[in-house]
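There are 2 protein chains.
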Amino acid sequence: MFAHTPKPPYYAVIFTSLKIEEDRGYSAMSEKMVTLVQKQEGFLGFESARENLGITVSYWRDETSILAWKAVLAHKQAQERGKDTWYSNYKIRIAKVERDYEK
Amino acid sequence: MFAHTPKPPYYAVIFTSLKIEEDRGYSAMSEKMVTLVQKQEGFLGFESARENLGITVSYWRDETSILAWKAVLAHKQAQERGKDTWYSNYKIRIAKVERDYEK
């Protein structure tokens, strides 16, 4: 469940969201995206939790990889549905991981 | 629930953890830390969610503010108890937020 990321530097995309209660196709699309993203060049892994607020952090080798994933057609369609249907609010932050440590 | 962060750049501390099931003083300490951190110079806000994996992202003006908070005595004691008692695993990533956007 922890993403096995390499030695920094690498990138993190912090996606914070509030979802509507109804599913409306979200679960199926979410599974599809999880499968699809694994095939992306530069994808390093992700971590996710939702209570009321949802937080998903995905990790990437570099910014080019992030932009390439953003432009994938099926993902663009998912982004559109997310904006129009599933999320009442979201915020996306792109950050460069400079150092890390763990227990 | 969304942190109201300023225009980038600023810093994010991504704290991913697995907790033991028993509380063992965690909830009380967690509340105390939430109160205490608000008083820290350079603290910008935080977002948190736990399912099984817990993710807390705190936001900071700069690295100096992050290091100052890490060195606060009561927080150091909380870090020790976290390491010894509450968390079976954790990973901390320090990242510089370069851009953000939202719905």
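Top to bottom, those sequences are chains A and B.
Quick note: the first sequence uses the numbering used here, first residue 23, plus one each step.
Quick note: the second sequence uses the numbering used here, first residue 23, plus one each step.
Cβ atoms here follow ideal geometry from the backbone N, Cα and C, with glycine treated the same way.
Neighbour list for residue i in chain B, Cβ cutoff strictly below 8 Å
i     : result
A:Y48 : Ordered by position in chain B, no residue passes the 8 Å Cβ test against A:Y48, which lies about 15 Å from the chain.
A:K23 : Residue identity check: residue 23 of chain A is Met in the sequence provided, not Lys. Under the 8 Å cutoff, chain B gives L40, N74 and L75.
Closest by C-alpha distance to residue i, when choosing among the options
i      : options                         : result
A:I42  : A:W108, A:S52, A:D122 and A:E85 : A:W108
A:V119 : B:E85, B:V56 and B:T27          : B:E85
A:L95  : A:F37, A:R72, A:Q62 and A:T38   : A:Q62
B:F24  : A:T27, A:T38 and A:K125         : A:T38
A:M131 : A:K125, A:W91 and A:I116        : What the structure shows of chain A is the stretch from 23 to 125, and residue 131 of chain A is not part of that stretch, so it cannot be assessed.
A:K29  : A:Y48, A:V35, A:R83 and A:L89   : A:R83
A:D106 : A:R46, A:I36, A:A34 and A:Y33   : A:R46
A:E53  : A:H97, A:Y32, A:A34 and A:G64   : A:H97
B:V59  : B:A93, B:R72 and B:S110         : B:A93
Residues that residue i contacts on chain A, provided the C-beta gap is smaller than 9 Å
i     : result
B:E69 : I36, T38, L75, I77 and K113
B:F65 : Near B:F65 there are no residues of chain A at all, since even the closest Cβ is about 16 Å away, more than 9 Å.
Residues that residue i bridges to, as DSSP identifies them
i      : result
A:G76  : A:S39 and A:R72
A:R115 : A:I36 and B:D122
B:F65  : B:W82
A:Y109 : A:K41
Whole-angstrom C-beta distance between residue j and residue i, which should lie under 8 Å
i      : j     : result
B:Y123 : A:I77 : Going by Cβ atoms, the distance from B:Y123 to A:I77 rounds to 16 Å, so no, they are not a contact pair.
7 Å CB neighbourhood of residue i in its chain, flanking five on each side removed
i     : result
A:M51 : A100 and R103
A:I88 : Y33, V35, W82 and I116
B:P31 : K118, V119 and E120
Contacts around residue i, its chain only, beta-carbon distance under 8 Å, and the 5 residues preceding and following it disregarded
i      : result
A:T27  : L66, G67, Y81, V119 and D122
A:N74  : L40
B:S70  : G76, I77, T78 and V79
B:S110 : L40, K41 and I42
Contacts that residue i makes with chain B (C-beta to C-beta distance below 9 Å)
i      : result
A:K105 : K125
Cβ neighbours of residue i in the same chain (closer than 6 Å, five flanking residues each side left out)
i      : result
B:Y48  : W108
A:Y112 : S39
Within chain B, partners of residue i - CB distance below 7 Å
i     : result
A:A16 : Residue 16 of chain A is absent from the model: chain A starts at 23 and stops at 125.
Residue i beta carbon near the ligand FMN (any heavy atom closer than 7 Å)
i     : result
A:H26 : Questions concerning the ligand FMN fall outside what the structure shown contains, since it holds no ligand whatsoever.
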